[in-house]
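Undergrad: Residue numbers (our numbering), protein chains in the order written: chain A, 76 to 282; chain B, 76 to 282.
Built from N, CA and C at the ideal position, the CB exists for glycine as well.
Because the structure is a prediction, the values reported are computed rather than measured.
Okay, handing you the structure first.
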DNA sequence: AGGTAATGCGAGCTATCGCTCGTATTATAT
DNA sequence: ATATAATACGAGCGATAGCTCGCATTACCT
């Protein structure tokens, strides 16, 4: 199988100057990924775009995979912020209303910088996906499952783990596919119908 | 954005000797993808593993992307053979029975050489996915939609295009995720429950 | 002010990649 | 048997990648 290059930062930048450098590197990586594609994201090019030398780059990151991982991380945090707050806000609502909101948020989340999201979705498998995406998924699973548990009286199933798997996978796939592969399906009107459909699908399954 | 390298074969091999060469190249590409990862699949390495010279490789393919595309093609044809026959066999059955079978087949299809499937799923975006995966999806969509049309009296929705999108996306995502990310969920028993759940999900949505 | 640590620099080494091209080998046709 | 086309070979070229290292610059401390 494939090897796994290191993705951890090297030196933890302490002064402010260096933090600016690190930011510039991550930002440059994101820009290149979006505007030039993964293959052009060489360490030399990243450093150039960031207005920083390769040497400095290697002081903070062991290679380009680590930079990409950092970008993924930042993006995931943006997404998780939205997801977390939505699931908190919805905790005490009945299933129908809650699911509808969750579906809407899933679509919203995929629309955070969708061009970056697309490139990352394509490239995540090639990077240290373990820590990043897996952690992201675990948290989503945990949050959703917690919701189901606290509303188990409204449900008809016993295996909440399985139910979580089915719901999260379904919602994520619908949002993902709609946003990334069917850009035209995204007039506000179309989003509304999609939310309706997905909600019916999931709610019908749950109760 | 990124450019798109050519993926069409060059010379159409006519003699038998050359067809053997082409086969060896494709087979070697698949083996390397599975056992060493996408990054190691250089043209030099592919030729080496195939027991063929680089020169010969470039007589038939313009580059490694084309080889990968060929592997994808072969794999997709394997899958589509299964999917097509299942959808034909199911054409006259009622929704419940048909969906159950389709879900089972989706899982089966994902279990055709799953290690190869995984690498391809990861790498398809980087290749000429247009012709390959898009064509595959179009056919799946068309086949499934045809089924829905001929059973529209059992359904309660009007927009069959949307329904197809929802069903195909959902079934594919559940099968894909279960097979690729949750290998342990795949005891025969677990597959059975998963099929049950997915069937309930989709059938409940359709009628 | 002077000293030390942190940060930044970038020419350039090595490795590897994609790919070509002149040549050798094998098949087919007559 | 000879000619012609098809196929195979692989050394090696130019490009580019990842990465290091010795040196320059800037910040911090007392």
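1. Taking a contact to mean a Cβ-Cβ separation below 8 Å, would you say residue 133 (chain B) touches residue 100 (chain B) in this structure?
2. Let's see if you can read the secondary structure: which residues bound the alpha helix (DSSP H) around residue 102 (chain B)?
3. Helix, strand or coil, according to DSSP, for residue 168 (chain B) in the structure here?
4. What is the C-beta distance between residue 243 (chain B) and residue 216 (chain B), in whole angstroms, given that I count them as a contact (C-beta under 8 Å)?
5. Any beta carbon from chain B within less than 8 Å of residue 205 (chain A)'s own beta carbon?
6. Closest Cβ-Cβ distance between residue 241 (chain B) and chain A: below 8 Å?
7. Have a look at B:151, B:178, B:83 and B:155 and flag the residue whose alpha-carbon is nearest the alpha-carbon of residue 277 (chain B).
8. Kindly indicate the opening and closing residues of the alpha helix (DSSP H) around residue 280 (chain A).
9. Report buried or exposed for residue 90 (chain A), applying the criterion of at least 16 other Cβ atoms within 10 angstroms of its Cβ.
10. Can you have a look at residue 87 (chain B) and say buried or exposed, based on whether 16 or more other CB atoms are within 10 angstroms of its CB?
11. Taking the CB atoms as reference points, tell me whether residue 176 (chain A) and residue 166 (chain A) lie closer together than 8 Å.
12. Mind listing the chain B neighbours of residue 272 (chain A)? Cutoff is C-beta to C-beta under 7 Å, in chain order.
13. Counting along the chain, where does the alpha helix (DSSP H) carrying residue 245 (chain B) start and finish?
14. Could you check the C-alpha separation between residue 248 (chain B) and residue 261 (chain B) for me, to the nearest Å?
15. Excluding the 5 residues flanking residue 127 (chain B) on each side, which residues of the same chain have their C-beta closer than 7 Å to its C-beta?
16. Which residue comes first and which comes last in the alpha helix (DSSP H) that contains residue 216 (chain A)?
17. Nearest-angstrom Cα distance between residue 269 (chain A) and residue 171 (chain B)?
18. Relative to the alpha-carbon of residue 212 (chain A), which residue among B:189, B:197, B:224 and B:256 has its alpha-carbon at the smallest distance?
19. Kindly indicate if chain A contains any beta-carbon less than 8 Å away from that of residue 275 (chain B).
20. Which bits of chain A does residue 280 (chain B) rub up against, with CB to CB less than 7 Å?
21. Is residue 230 (chain B) helix, strand or coil by DSSP?
22. Output yes if chain A places a C-beta closer than 8 Å to the C-beta of residue 223 (chain B); else output no.
23. Suppose the cutoff is 8 Å on Cβ atoms and the five residues either side in sequence are ignored; what does the same chain contact list for residue 119 (chain B) look like?
24. With 7 Å as the limit, tell me which residues of the stretch 245-266 of chain B have their beta carbon closer than that to any beta carbon of chain A; keep them in chain order.
25. I want to know whether the stretch 182-197 of chain B touches the stretch 149-158 of chain B - three or more CB-CB distances under 8 Å.
TA: If we stick to the structure as given:
1. no
2. 91-110
3. coil
4. 6 Å
5. The predicted position of residue 205 (chain A) is uncertain, since its pLDDT is 48 and thus under 50; a value taken from the coordinates is nonetheless stated next. Chain B contact via Cβ: absent.
6. yes
7. B:178
8. 263-281
9. exposed
10. exposed
11. no
12. 237 and 241
13. 235-256
14. 15 Å
15. 96, 99 and 100
16. 210-225
17. 23 Å
18. B:256
19. yes
20. 275, 276 and 279
21. coil
22. no
23. 129
24. 245, 248, 249 and 252
25. yes
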